[in-house]
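The structure under discussion appears below in the form of structure tokens.
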Amino acid sequence: MSELPKVFDHTTVDARWYSYWESIGAFTALPESGKPAFSMVLPPPNVTGSLHIGHALNHTLPDIIARWKRMLGYDVLWLPGTDHAGIATQNVVEKQLAAEGKTRHDLGREAFEARVWEWVRQSHGTITAQMRQLGDSVDWSRERFTLDPGLTRAVRREFVSLYRDGLIYRDRYIVNWCPRCRTALSDLEVQHRDTAGKLYYVRYPGVGGGPGVVVATTRPETMLGDTAVAVNPDDDRYRHMAGDRVRLPVIGRELPIVTDSFVDPAFGTGAVKVTPAHDPNDFAMGRRHSLPSVSVIDEDGLMTAEAGPYAGQDRFKARRGLVQQLEAEGLLEKVADHQHAIGHCERCGTVVEPLVSTQWFVKIGPLAAEAIRVVEEGKVTFLPDNWTKTYFEWMTNIHDWCISRQLWWGHRIPAWYCDGCGTTVVSEDDPDRCACGGVLRQDTDVLDTWFSSGLWPFSTLGWPDRTAELARYYPTTLMLTAFDIIFFWVARMIMLGVKFAGGVPFHTVYITGLVRDERGQKMSKSKGNVVDPLAVMGEIGADALRFTLAAMASPGMDIPLSEGRMTGYRQFINKFWNASRFLLMNIGDLPSRPDVPPAHDLGLAHRWILSGVSRLSTEVSDALTQYRFDLAADRLYHFFWHEFADWYIELVKPELQQTGPVRETAVAVLIEVHDRLVRLLHPFIPFVTEEVWQRLPRRAGDGPTVTLAPFPAKVAGWLDAQAERDMEYLQQIVTTIRTVRSERGVAPSRRIAAVVDEADAAMRAMLERNAGYIRQLAGLNRLEFRSEVAPGPDTVKRVLEHAHVFVPLAGVVDHQAEIEKIQKEVAAVAKESSAIEQKLASQGFVERAPARVVDEARARLAQLGERRAKLEGTLADMRG
RNA sequence: GGGCGGUUAGCUCAGUUGGUAGAGCACCGGCUUUACACGCCGGCUGUCACAGGUUCGAAUCCUGUACCGCCCACCA
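Per the numbering used here: the first sequence = residues 7 to 886.
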């Protein structure tokens with residue numbers, strides 16, 4: 007034992023215990039165990055990604071729950087896995103290729119896919135190793151990947167089933183298009199950023215030579231695709247022009263003026279150009295008025311042949327040229343600054359181009375309606391609750407989901423088109439040939455990544471087969487995730503779970519805040535304020551990081567991760583380590599763990615700490631039941647450090663020096679309380695607790711790891727309010743004497759005397775019995791208890807709730823300082839007294855406040871009066 | 001345009017059925033007390049953003065204001 011280092015060294019400990027847990031199958035779910043089941047699925051991180059601080063939070067909190075439930079005796083399945091992350095992964099590999107001077111087209115589809123698989127196999131180990139480093143107690147034997155054969159089968163079943171139900175359709179429609187990624191995006195993959203732009207006022211001359219109309223636009227380059235001008239039917243300025251025709255500048259096309267109530271008369275000129283091919287509103291308007299659609303921007307963001315002189319130009323270059331031309335032709339009436347939100351590709355930041363193309367969509371209305379219903383019925387609860395409203399808001403205004411992506415990496419769409427008869431075949435299995443005998447070609451697009459991850463809670467359990475796992479572990483209990491993927495993922499899991507798995511995928515959705523830097527700023531690479539959990543774990547260990555995240559995870563709040571807080575909790579880990587070291591160094595070699603004697607045979611300190619640790623068990627369990635990781639961590643921190651280490655260990659030190667029954671009792675209680683604290687702390691700080699637990703003396707029936715040891719429950723017989731009150735009194739006396747010593751500059755090594763005038767005989771007896779504790783902790787060589795004391799000169803007299811403490815200190819008493827101190831206290835007491843008197847004097851309080859509160863106020867006033875009398879008595883003595 | 005969150009000690013934050021405020025860090029003073037200086041002991045620190053309202057009583061409930069932040073959004 008003596009070789010234990012003074013500072014906990016996580017670097018030599020953490021990895022060893024994780025391997026051990028894995029080797030004994032500590033995290034493996036046991037469906038046959040007969041225990042009640044508890045399940046969660048881990049939000050699958052990007053298979054080629056690296057653990058970031060958000061993951062650290064989203065893995066630590068459920069891990070605490072998983073470990074806690076396991077210790078409570080549940081058969082816990084926490085299922086891990088990774089996501090193929092279609093567009094993100096493809097982009098990474100394309101970048102690698104670009105560095106070699108190649109594009110994916112140089113390789114061709116098959117070779118490219120092989121290349122991505124190679125990258126996936128190579129980097130899969132990175133993220134999973136990082137999860138082990140953090141301590142995720144997941145069941146690796148059931149790890150899944152969204153492109154596994156089983157999950158691929160699930161995706162096909164999903165697609166075909168939705169298609170047959172008429173919930174998937176293919177249509178030519180306006181979609182968000184990223185010209186860089188060359189793929190369609192869903193609404194969610196578009197990020198709107200406020201941008202300072204311009205509003206251009208352009209005149210479209212009348213066909214007959216009239217003045218025509220002036221339209222306002224932020225995107226002049228799209229005017230080349232205009233097929234109408236629209237005005238509000240109630241706009242007196244324009245109403246008479248409905249049906250007139252104007253001439254589109256540059257191109258010369260004649261455009262009709264249509265009326266549509268969508269047009270806001272108050273914006274711009276009240277007349278709007280209509281470009282059905284490049285604006286979602288205009289697309290809808292185009293359909294309402296049967297307008298033609300002219301695409302002027304292609305899939306690379308270049309102007310098409312329809313753009314006349316601008317054909318082949320980049321869309322932004324065309325804008326500049328066009329503005330110049332309009333100005334030269336005298337058609338540009340005005341340019342105004344204009345602030346507006348522009349859509350950008352979530353993955354690459356390119357400005358998204360709305361354009362018309364043929365895509366697959368999920369008809370979302372019926373699915374959303376069900377997903378709303380199950381939440382309304384309380385089958386899924388959001389924590390904190392305000393997210394429920396956000397969820398409803400979004401689900402109510404949801405649009406059809408574009409699920410096809412023009413990528414190569416992902417689940418290929420199970421639709422085939424016949425060259426012969428033009429039929430579309432949608433099938434789970436690859437069809438050989440069309441019924442007409444024609445050759446079938448599979449759709450070249452892949453599915454949105456979220457189309458497969460939306461099945462995660464049940465595809466990972468074997469769906470579409472009706473497996474025993476699915477029956478046992480679905481639905482899961484808790485889904486914990488950051489708010490940014492509520493819509494991407496949580497909502498879709500609910501929709502698809504209800505549709506396919508017979509019910510909601512989880513009962514509680516815990517939405518975490520964002521981990522921010524210490525100044526509350528969002529972490530970003532460009533700001534350089536990113537906290538790397540791997541670096542942090544390397545420096546202070548996974549336990550310290552975990553405990554910090556847990557302690558700071560207040561529901562609904564972002565987490566400003568500060569160096570200071572992390573340091574503080576690293577020190578807590580070290581405190582835990584050293585208190586444990588102390589214990590191991592003092593209990594000696596025990597053949598087995600000693601039993602704690604019945605509480606009524608124990609001295610005050612032991613009864614007090616047993617009562618405390620029993621209460622702590624309840625508090626931690628209650629907090630975890632409500633997912634209040636912060637409260638649980640706070641209580642554990644405070645109890646371990648400021649009650650167990652600061653007081654209890656100090657109290658029992660002398661007893662440990664003895665031999666015989668006194669020492670044996672102290673050892674037994676010390677081990678018992680410490681062992682309970684180790685187990686209570688284990689879900690939060692698994693590594694250091696295992697390291698310590700393995701060195702503790704065993705009791706018959708203890709398993710191979712603390713991970714599978716029972717979580718401490720409260721022991722009703724240990725709860726002892728009297729012991730807690732007595733100890734508080736004792737602590738007050740000790741603290742008072744210490745304060746006097748500190749104020750008067752008494753050297754810590756100097757033993758002094760003190761007297762307490764406790765009038766109550768029973769109390770005095772209690773103090774007498776425990777005088778040794780006070781002498782030791784306050785550095786006294788003499789301590790007396792009397793019912794009355796006549797203080798001599800050079801004695802500091804301090805007032806407690808029920809008694810005085812006298813500390814004779816010849817030569818060092820500063821009478822003036824003492825008088826001022828007491829006067830200050832008298833003033834404070836007087837202030838509080840008068841506040842309570844005022845309260846009691848008001849008619850309403852006595853009449854309407856609960857009797858308990860009134861009694862408390864009266865009792866407090868009496869107490870204050872007593873205290874004031876004592877203080878003033880002391881003051882009189884000092885002056886006299 | 002819609003919705004949400006925040007404003008409490010120098011800093012970062014707790015404060016859940018309304019009874020006049022807590023923690024960590026920082027700071028000040030003293031300590032090589034044989035678990036720990038990543039420590040021990042003692043100490044200092046608040047018109048709980050502002051203005052109204054409800055109530056015997058409000059940091060806590062209601063209304064409004066200000067500032068900060070976030071999410072969603074097909075007014076060009």
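Note that CB positions come from ideal geometry on N, CA and C, so glycine has one too.
| Query | Result |
| --- | --- |
| What do you get for Glu-696, buried or exposed, if any count of 16 or more other CB atoms within 10 angstroms of its CB means buried? | buried |
| Do Arg-874 and Val-835 count as a contact pair if the criterion is CB distance below 7 Å? | yes |
| By how many angstroms is the C-alpha of Gly-355 removed from the C-alpha of Gln-345? | 19 Å |
| Leaving out the 5 sequence neighbours to the left and right, which residues in its chain are closer than 8 Å to Ala-645 when beta-carbon positions are compared? | At residue 645 the sequence reads Phe, which differs from the Ala that was named. Once the five neighbours on either side are set aside, the close Cβ partners of Phe-645 are Gly-618, Val-619, Leu-622, Leu-683. |
| Please state whether DSSP places Ile-404 in a helix, a strand or coil. | coil |
| Go through its chain and collect everything with a Cβ distance to Gly-547's Cβ below 6 Å, but skip five positions before and after it. | His-16 |
| Among the candidates Arg-576, Leu-230, Phe-635, whose CA atom is the shortest distance from the CA of Leu-308? | Leu-230 |
| Per the contact definition of three or more C-beta pairs closer than 8 Å, is the stretch 245-255 in contact with the stretch 288-306? | no |
| What span of residues does the alpha helix (DSSP H) with Pro-373 cover, start to end? | The residue you asked about is not Pro; residue 373 is Leu in the sequence shown. 371-382 is the extent of the alpha helix (DSSP H) around Leu-373. |
| Have a look at Ala-857 and Glu-838 and give me their C-alpha separation to the nearest angstrom. | 20 Å |
| Enumerate, from N- to C-terminal direction, the unbroken beta strand (DSSP E) stretches of 3 or more residues contained entirely within the stretch 170-251. | 174-184, 189-191, 196-210, 219-223, 234-237 |
| Taking Cβ to Cβ, would you say Ala-222 is nearer than 7 Å to Leu-205? | yes |
| Label Ala-474 either buried or exposed according to how many other C-beta atoms from any shown protein chain fall within 10 Å of its C-beta, with 16 as the threshold for buried. | exposed |
| What separation, rounded to the nearest whole angstrom, lies between the Cα atoms of Ile-5 and Ile-655? | Look at the range of the chain in this structure, 7 to 886, and you will see that residue 5 is not part of it. |
| What would DSSP say about Lys-531, mapped onto helix, strand or coil? | coil |
| Determine the DSSP secondary structure at Asp-549, reduced to helix, strand or coil. | helix |
| Are the beta-carbon atoms of Ala-887 and Arg-744 separated by less than 7 Å? | Because the chain here runs from 7 to 886, residue 887 falls outside it and cannot be looked at. |
| Return the bridge partner residues of Ala-760 from the DSSP annotation. | Leu-789 |
| Could you round the C-beta distance between Arg-176 and Trp-366 to whole angstroms and report it? I think they count as a contact, below 8 Å. | 5 Å |
| In whole angstroms, give me the CA-to-CA distance for Pro-315 and Val-278. | 23 Å |
| Do you know how far the Cα of Leu-476 is from the Cα of Leu-467? | 5 Å |
| DSSP beta-bridge partners for Leu-85? | Val-47 |
| Per DSSP, which residues does Met-309 bridge with? Please list them. | Ile-303 |
| Output the distance between the C-alpha atoms of Thr-430 and Asp-449, rounded to the nearest integer angstrom. | 10 Å |
| Looking at the unbroken alpha helix (DSSP H) that takes in Gln-96, where does it start and where does it end? | 92-105 |
| Taking Cβ to Cβ, would you say Ile-303 is nearer than 7 Å to Arg-321? | yes |
| Any chance the stretch 27-47 sits against the stretch 77-85, with 3 or more Cβ pairs inside 8 Å? | yes |
| Distance, Cα to Cα, Asp-652 vs Val-381? | 48 Å |
| Grab me the residues of Val-235's own chain with a C-beta within less than 8 Å of its C-beta, minus the 5 sequence neighbours each way, in chain order. | Tyr-210, Val-219, Val-221, Val-252, Leu-261, Pro-262, Ile-263, Val-264, Ala-277, Val-278, Lys-279, Val-280 |
| Shortest alpha-carbon distance to Gly-215 belongs to which of Arg-225, Pro-255, Cys-187, Arg-188? | Pro-255 |
| Could you tell me the distance, in whole angstroms, from the CA atom of Thr-880 to the CA atom of Thr-573? | 45 Å |
| May I have the straight-line CA-CA distance separating Val-852 from Val-860, to the nearest angstrom? | 6 Å |
| To the nearest angstrom, report how far apart His-350 and Ala-105 are at their CA atoms. | 25 Å |
| Please say whether Met-529 and Asn-535 have beta carbons closer to each other than 7 Å? | yes |
| Express the C-alpha separation of Trp-23 and Arg-552 in angstroms, rounding to a whole number. | 16 Å |
| Can you check whether the CB of Asp-763 is closer than 7 Å to the CB of Glu-794? | yes |
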